[in-house]
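*Asks:*
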DNA sequence: AAGTCGGGGCG
DNA sequence: CGCCCAGACTT
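Numbering (the UniProt record's numbering), first residue to last: 1 to 346.
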């Protein structure tokens, strides 16, 4: 058997039963593909089930509020995916009368849908011959063909897309695409793959040249920056609390948090004055304060390390913008904040 | 072409 | 601790 037939055969035997593999409905395929971007199946699966249950059709998703969509997405990360998902749902429901785009070219017009996702939906839902290239495909192809072009270089992206397009089974593109991805995820794994039981080990260049652990090649890691966050947990006698939407672009856009003041170093209890509250709502108001955590809560993201303090501030009366403490959990919030809310238990 | 955007899991 | 994950978008 050749490369593509071996992969499809391996897939027919080893594929996992997953809910999005029991349908060709483009709405469900789209949902699964967005959720699974840069996300492992195990992490994304419960979110997929929750979205299908909460929003059975694209109209249900379109008619939801962005806040409700973000709340359901809470904890999954890369929140622009949720915002774009909602934007595209409204576009499909309202501009396209609910008729899902059915070609690679038209799918690309959806916000949050790039080359990979357009290819995945086009092939899986509509059987279009469009080759997917995700992290799994980069790994399988770079190893099997012994290609050391960096997968995240402009040249590498072109080269691997062309190679994948030349390999796809034009008779069964849906099966081929899912086969090579599943093969990469389960057999041709990043770390210590068992090449002894690999069905295509006889033709694998990386195995012959002992380069399995050296491929694929990826350029430069992202630089990690360190930040010091101070969250002001402001509570009043009526059990109201300040909780704000992050409106600026960047991390956690449109999610909610306690008023935040960044500092240049990790603050101790006696450094409270460094927060400079003179220009805030707390100016000329009597309050008591306490530092909740002496040791920073460290929240590590892929490109930022956040060293975080929570300051508990009690005042007589907060302004009208405050919300009730018991409604806190209704709002979408970063894991860092929702974890604190659980732990503090108000 | 390089940065940005989350959070979890693994060795 | 660094790397990876069914990547896309902005600058």
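Here a beta-carbon is modelled for each residue, glycine too, at the ideal position from N, C-alpha and C. Keep in mind the model is a prediction, meaning the values are calculated, not measured.
By Cβ distance, which residues of its chain are closer than 7 Å to residue 81, with the 5 residues on each side in sequence left out?
*Replies:* 34, 37 and 112
*Asks:* If we ignore side chains and look at the alpha-carbon of each, how far apart do residue 269 and residue 304 end up?
*Replies:* 24 Å
*Asks:* Please list the terminal residues of the continuous beta strand (DSSP E) segment that includes residue 263.
*Replies:* 260 to 263
*Asks:* Rounded to whole angstroms, what's the CA-CA distance from residue 221 to residue 152? Just pull it up for me.
*Replies:* Inter-residue distance for residue 221 and residue 152 is about 11 Å (C-alpha atoms, whole angstroms).
*Asks:* For residue 107, which option in 27, 159, 245 and 298 has the closest C-alpha, if you only look at C-alpha atoms?
*Replies:* Out of 27, 159, 245 and 298, the CA that lies nearest to the CA of residue 107 is found in 27.
*Asks:* Mind checking whether residue 172 and residue 124 have CB atoms under 9 Å apart?
*Replies:* no
*Asks:* Determine the DSSP secondary structure at residue 185, reduced to helix, strand or coil.
*Replies:* helix
*Asks:* Buried or exposed: which applies to residue 184, given that a residue is buried once 16 or more other Cβ atoms fall within 10 Å of its Cβ?
*Replies:* buried
*Asks:* Just confirm the distance between the C-beta atoms of residue 132 and residue 116, as a whole number of angstroms; I'd bet it's less than 8 Å.
*Replies:* 6 Å
*Asks:* Taking the beta strand (DSSP E) that residue 362 belongs to, which residues open and close that run?
*Replies:* The chain is shown from 1 up to 346; residue 362 falls before or after that span and cannot be answered.
*Asks:* Note down the Cα distance separating residue 174 from residue 25, rounded to an integer number of angstroms.
*Replies:* Between residue 174 and residue 25, the C-alpha separation is close to 13 Å.
*Asks:* Helix, strand or coil for residue 244 per DSSP?
*Replies:* Annotated three-state conformation of residue 244 is strand, per DSSP.
*Asks:* Would you decide whether residue 231 is buried or exposed? Buried here means 16 or more other CB atoms lie within 10 Å of its CB.
*Replies:* buried
*Asks:* Using a 10 Å radius around the Cβ and a threshold of 16 neighbouring Cβ atoms, would you call residue 308 buried or exposed?
*Replies:* buried
*Asks:* Could you tell me if residue 13 is buried or exposed, where buried requires 16 or more neighbouring beta carbons within 10 angstroms of its beta carbon?
*Replies:* exposed
*Asks:* Measuring alpha carbon to alpha carbon, tell me which residue in 30, 92, 182 and 104 is nearest residue 140.
*Replies:* Comparing C-alpha distances from residue 140 to each of 30, 92, 182 and 104 shows the shortest one belongs to 182.
*Asks:* Check whether the stretch 313 to 330 touches the stretch 283 to 299, counting contact only when three or more Cβ pairs, one atom from each stretch, lie closer than 8 Å.
*Replies:* yes
*Asks:* With distances taken Cα to Cα, identify the nearest neighbour of residue 213 among 191, 199 and 204.
*Replies:* 191
*Asks:* Looking at the secondary structure, which residues open and close the alpha helix (DSSP H) in which residue 71 lies?
*Replies:* Taken as a continuous stretch (DSSP letters only), the alpha helix (DSSP H) holding residue 71 covers 66 to 73.
*Asks:* Between 118, 233, 306 and 44, which has its C-alpha nearest residue 263's C-alpha?
*Replies:* Closest by alpha carbon: 306.
*Asks:* Could you tell me the distance, in whole angstroms, from the CA atom of residue 102 to the CA atom of residue 58?
*Replies:* It is roughly 15 Å from the alpha-carbon of residue 102 to the alpha-carbon of residue 58.
*Asks:* Does the stretch 243 to 259 come into contact with the stretch 287 to 300, if we say contact requires no fewer than three beta-carbon pairs (one atom in each stretch) closer than 8 Å?
*Replies:* no
*Asks:* Which residue from 325, 280 and 249 puts its Cα closest to that of residue 79?
*Replies:* 249
*Asks:* Please state whether the Cβ-Cβ distance between residue 280 and residue 259 is less than 9 Å.
*Replies:* Yes, these two residues count as a Cβ contact at 9 Å.
*Asks:* Just the Cα atoms here: how many angstroms apart are residue 334 and residue 149?
*Replies:* 37 Å
*Asks:* Give me, in chain order, the residues of the same chain whose beta-carbon lies closer than 7 Å to that of residue 434; leave out the 5 immediate sequence neighbours on both sides.
*Replies:* It is not possible to answer for residue 434, since the shown part of the chain is limited to 1 through 346.
*Asks:* List in chain order: all unbroken beta strand (DSSP E) runs of 3+ residues lying wholly within the stretch 115 to 188.
*Replies:* Here no run is fully enclosed.
*Asks:* Taking C-beta to C-beta, are residue 265 and residue 292 nearer than 9 Å?
*Replies:* Not a contact, by the Cβ cut-off of 9 Å.
*Asks:* So, with DSSP's three-state summary, where would you put residue 338?
*Replies:* In the structure shown, residue 338 sits in a helix (DSSP, three-state: H, G or I).
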